[in-house]
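**Student:** Residue numbers for the sequence shown follow the numbering used here, beginning at 6 and rising by one. Just so it is clear, CB atoms sit at the ideal spot from N, CA and C, and this is done for glycine as well.
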Amino acid sequence: MSVELPKQAEFEVIKEEFGEYRLEDGTRIRARVFLADLYIIGEDAIGPQIAYQVAVALRFIVPEEIRVKVKEKPIADRVDPKNPGWRRLKIECVKPAESHYIIDDRYELVLRLELLGAAKNDNYRTPLYTPHYQVRWTTVASIEPREDRQEKST
């Protein structure tokens with residue numbers, strides 16, 4: 006029995022844009038999502054079926070007043086999620102992080118980063134005098150033939 010190996014696709018960057026998110030404590034998160042690898046694992050009537058890997062970069066911009074509040078707290082590299090002191094924070098999406106790629110000169114892939122949840126523990130601090138934050142995220146991918154994208158933009 007012959008098994009067809011999935012094709013590792015070639016891709017090029019159209020654009021990779023920062024997104025901005027705001028937590029209810031005033032902390033801003035600047036984020037980017039990057040395509041690391043992509044395989045075309047099949048095709049159906051809708052288009053290619055893909056398996057992909059991403060890298061996500063999150064930059065926490067913590068207000069000075071929060072940093073001052075934790076400056077005397079004990080330092081911890083990591084805080085166990087079961088440790089007391091964690092509290093959930095609401096997230097407001099100001100502008101989603103989006104990245105656009107051309108796949109095999111046939112498709113345009115759009116990756117959008119969605120932050121699903123956030124929590125903060127200010128019983129401890131990082132070496133940079135910020136509380137510990139935890140963020141849960143996912144990516145949403147859409148892929149369309151390039152000619153469909155070009156028709157929509159005209």
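Mind reading off the beta-carbon distance from Glu-26 to Val-99? Whole number of angstroms is fine, and I expect it under 8 angstroms.
**Tutor:** This sequence places Tyr at residue 26; Glu is not what is there. Going by Cβ atoms, the distance from Tyr-26 to Val-99 rounds to 6 angstroms, so yes, they are a contact pair.
**Student:** Counting only C-beta atoms, is His-105 closer than 7 angstroms to chain D at any point?
**Tutor:** The structure shown contains no chain D; it holds only a single protein chain.
**Student:** Does the Cβ-Cβ distance between Tyr-112 and Val-18 come in under 7 angstroms?
**Tutor:** In this structure, Val-18 does not lie closer than 7 angstroms to Tyr-112 by Cβ.
**Student:** Measuring CB atoms only, is the segment 122–133 touching the segment 82–99, in the sense that at least three cross pairs come out at less than 8 angstroms?
**Tutor:** Verdict: yes, contact present.
**Student:** Please state whether DSSP places Val-61 in a helix, a strand or coil.
**Tutor:** DSSP places Val-61 in strand when its eight states are reduced to three.
**Student:** Please classify Val-140: is it buried, with 16 or more other beta-carbons within 10 angstroms of its beta-carbon, or exposed?
**Tutor:** Counting Cβ neighbours within 10 Å, Val-140 comes out buried, since at least 16 surround it.
**Student:** Does DSSP put Ile-66 in a helix, in a strand, or in coil?
**Tutor:** The answer is strand: DSSP assigns Ile-66 an E or B state.
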